[in-house]
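>
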Amino acid sequence: MLFEPWVRNWDEAWYAEIIKNMAVKDYGWLMPWWNGRYYFDHPPLYFWLSGVVVKLFGLGEWQVRIVAILAGLGVVWLTYLVGKKLFNRRAGILASLVLVSLGQVGVRFSHGNLDSLMIFFFLLTFYLWLKDKWVLAGISLGLGFLVKGWLLGMFPVALILIYGHKLSVKKLAGLMAIAVGVFLLWVIPAGIKFGKPMIDRYLWQADAGRLSRPTAMWSLKFFEYVMRDLGLWIIPGLLMVTKKRRRVLPFLVTSFGFILGLSFLDEKSDWYLLPAYPLLALSVGQVASRWKGVILTGLVLAGLINAYRVEMMYPDRSAVGATLGRYAKNIIPRGETVILDDHDFTAWLFYADVGMVYVPFDSAQGKPGEWWTLKYEEIPDLVQEKGQVWWITPQTAREWPGVSSVKVSEYQGYSFWRMALRSGSVM
């Protein structure tokens with residue numbers, strides 16, 4: 001929520017740290033910097049917009065999430081506008097209500113995540129296309145590329161092609177040319193500065209390695225998530241299957257194709273589904289728009305209850321990390337290297353404001369590219385490399401050969417140790 005007194009693990013705190021590094025520190029605005037390195041993950045538009053807010057109003061929780069919240073409100077409004085244009089005003093209103101009552105939507109759109117801004121540009125592109133404003137639609141599409149990359153950014157193009165009404169190949173080609181031009185305004189200078197790793201990641205590896213084993217990773221998990229998030233809205237959803245609903249067929253085909261594609265990903269994170277939810281909401285809104293108001297009111301209330309239930313399935317530990325990070329800021333000098341024995345560390349990093357954080361595992365559990373993970377047995381090597389390292393852990397003291405540890409403080413069950421090589425030790 002806007003004034004929640006801490007940023008949330010994982011994504012919101014992760015992005016908040018990037019925004020802080022852009023707007024408050026000296027790492028520049030061309031490429032995200034996170035946890036000690038330039039981070040070739042997402043393009044920077046969301047961070048640019050949020051960074052401007054931080055520049056104007058200072059660094060704080062609401063400042064790093066306001067862009068996402070405003071974009072989320074824009075998604076709800078655009079859902080209404082699309083429904084009104086294609087169906088009728090009542091269907092548009094109902095579609096927007098269905099959307100906010102779906103699982104995940106409320107929590108993801110009310111915190112500092114990229115999803116709402118990305119989906120805002122998706123819907124804006126489609127709406128402008130419907131209004132025959134293809135130049136503006138091309139700009140919107142290009143801005144969408146700058147949120148989460150060009151591959152996912154092609155979602156509205158797929159919708160336009162499947163919708164197909166009065167499709168002009170010439171205008172569609174013009175739209176794509178404009179979008180590519182907008183994207184290249186960032187890619188070219190970033191590519192010149194950061195070279196091949198940047199070009200490879202943002203142009204040729206747009207899937208971020210999540211399609212490394214598509215056939216082996218296939219599952220129906222995303223369809224289970226959809227059923228969970230729809231709740232009782234599955235009732236009008238079933239009516240769409242049993243009756244001919246040509247007017248919503250493009251939305252259903254696009255949504256099904258998108259979810260089917262997600263099913264091949266290595267990761268099965270449920271929020272990947274969010275781009276399809278406005279389309280599902282529009283479909284449900286059109287089907288149920290003729291139902292009696294009392295039935296619809298009951299379904300909206302049931303949807304909100306279900307959305308709350310979905311949110312409660314994932315306990316949030318961000319308050320622990322935020323409180324511990326604020327305490328650590330007063331103990332650990334700025335720029336120091338820290339080993340934090342807690343996997344939910346992104347909120348801690350934002351508040352602690354240290355140089356770099358590592359997270360230890362009993363075995364190699366990190367994903368490729370996660371430079372912040374290490375094995376417990378590798379800690380002495382890190383101490384040798386850095387000279388001095390801080391170790392924050394809820395565990396009892398551990399000994400490593402050649403390393404001396406001094407307990408500096410203790411707070412909320414976590415011990416703060418300062419570690420260095422023993423005098424005369426050679427590792």
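Using my numbering, you'd call the opening residue of the sequence shown number 1 and step up by one each time. Even for Gly, the Cβ is constructed at its ideal location relative to N, Cα and C. All values derive from a computational prediction rather than experimental measurement.
1. Could you spell out where the beta strand (DSSP E) holding Arg429 opens and where it closes?
2. Can you tell me which of Lys85, Tyr46, Pro5 and Asn35 puts its alpha carbon nearest to the alpha carbon of Ala71?
3. Could you give the C-beta distance for Ile178 and Gly142, rounded to a whole number, given that I count them as a contact under 8 Å?
4. Hey, Pro401 and Tyr414: beta-carbon distance below 8 Å or not?
5. Hey, out of Ala190, Leu167, Leu239 and Lys268, whose CA is closest to Pro214's CA?
6. What's the C-alpha gap between Ser96 and Gln412?
7. Would you list the one or two residues that DSSP bridges to Pro360?
8. For a minimum of 3 consecutive residues, which ranges assigned as the beta strand (DSSP E) are wholly contained in the region 167 to 208?
9. At what residues does the alpha helix (DSSP H) containing Lys386 begin and finish?
10. CB-CB under 7 Å to Pro197, same chain, minus the five flanking residues each way: which ones, in chain order?
11. Taking just the CA atoms, how far does Trp33 sit from Leu123?
12. Thinking just about the alpha-carbon of each residue, which of Glu17, Gly293 and Trp29 is nearest to the one in Ala91?
13. Look at the Cβ atom of Trp391, then the Cβ atom of Ser409, and state whether they are nearer than 8 Å.
14. Tell me, please, whether the region 294 to 307 touches the region 249 to 261 by the rule of three or more beta-carbon pairs shorter than 8 Å.
15. Rounded to whole angstroms, what's the CA-CA distance from Arg228 to Leu282? Just pull it up for me.
16. Among Trp233, Arg245, Thr254 and Val67, whose alpha-carbon lies nearest the alpha-carbon of Thr297?
17. Could you tell me the alpha carbon to alpha carbon distance between Leu238 and Arg245, rounded to whole angstroms?
18. Taking the continuous alpha helix (DSSP H) assigned at Glu410, which residues delimit it?
19. Could you tell me whether the Cβ atoms of Ile19 and Val64 are closer together than 8 Å?
20. Is DSSP giving Val338 helix, strand or coil here?
21. Taking only the alpha-carbon atoms, compute the straight-line gap between Asp344 and Tyr314 and give it to the nearest angstrom.
22. Which full runs of the beta strand (DSSP E) of 3+ residues lie inside the region 293 to 354, going along the chain?
23. CB Trp48 to CB Leu2, shorter than 8 Å?
24. Does the region 140 to 155 come into contact with the region 124 to 131, if we say contact requires no fewer than three beta-carbon pairs (one atom in each stretch) closer than 8 Å?
25. Please report the distance separating the alpha-carbon of Gly321 from that of Ile160.
26. Can you give me the C-alpha to C-alpha distance between Gly58 and Val226, rounded to a whole angstrom?
27. With burial defined as no fewer than 16 other Cβ atoms inside 10 Å of the residue's Cβ, what is the status of His430: buried or exposed?
28. Nearest to Ala13 by alpha carbon, out of Asp353, Glu377 and Pro333?
29. Among residues of its own chain, excluding the 5 on either side of Met427, which ones have a beta-carbon nearer than 8 Å to its beta-carbon?
30. For my contact list, Val357 and Trp372 are in at a C-beta cut-off of 8 Å; report their separation, rounded to the angstrom.
31. Which runs of the alpha helix (DSSP H) at least 4 residues long sit entirely within the region 82 to 123? Give them in chain order.
32. Could you pull out every residue in the same chain whose Cβ sits closer than 8 Å to the Cβ of Val248, ignoring the five residues on either side in sequence?
33. Using 8 Å for Cβ pairs, my map puts Gln104 next to Val253. What's the rounded Cβ distance?
34. Would you mind sorting Val135 into buried or exposed? The rule is 16 or more other CB atoms within 10 Å of its CB.
35. Is there contact here, the region 21 to 33 with the region 327 to 338, by at least three beta-carbon pairs under 8 Å?
Looking at the atomic coordinates:
1. Residue 429 is absent from the model: the chain starts at 1 and stops at 427.
2. Tyr46
3. 6 Å
4. no
5. Lys268
6. 43 Å
7. Leu374
8. none
9. Ile379 to Lys386
10. Phe40
11. 29 Å
12. Gly293
13. no
14. no
15. 18 Å
16. Trp233
17. 11 Å
18. Counting along the chain, Glu410 falls outside any alpha helix (DSSP H), though it belongs to the beta strand (DSSP E) covering Val403 to Tyr411.
19. yes
20. strand
21. 13 Å
22. 337 to 340
23. no
24. yes
25. 43 Å
26. 38 Å
27. Outside the displayed range of the chain (1 to 427) lies residue 430, so it cannot be described from this structure.
28. Asp353
29. In this predicted model, Met427 has a pLDDT of only 49, less than 50, meaning its place in the structure is not dependable enough to derive any value.
30. 6 Å
31. 89 to 100 and 105 to 109
32. Met240, Leu282, Ser283, Gln286 and Val287
33. Contact doesn't hold; Cβ gap of about 22 Å is too wide.
34. exposed
35. no
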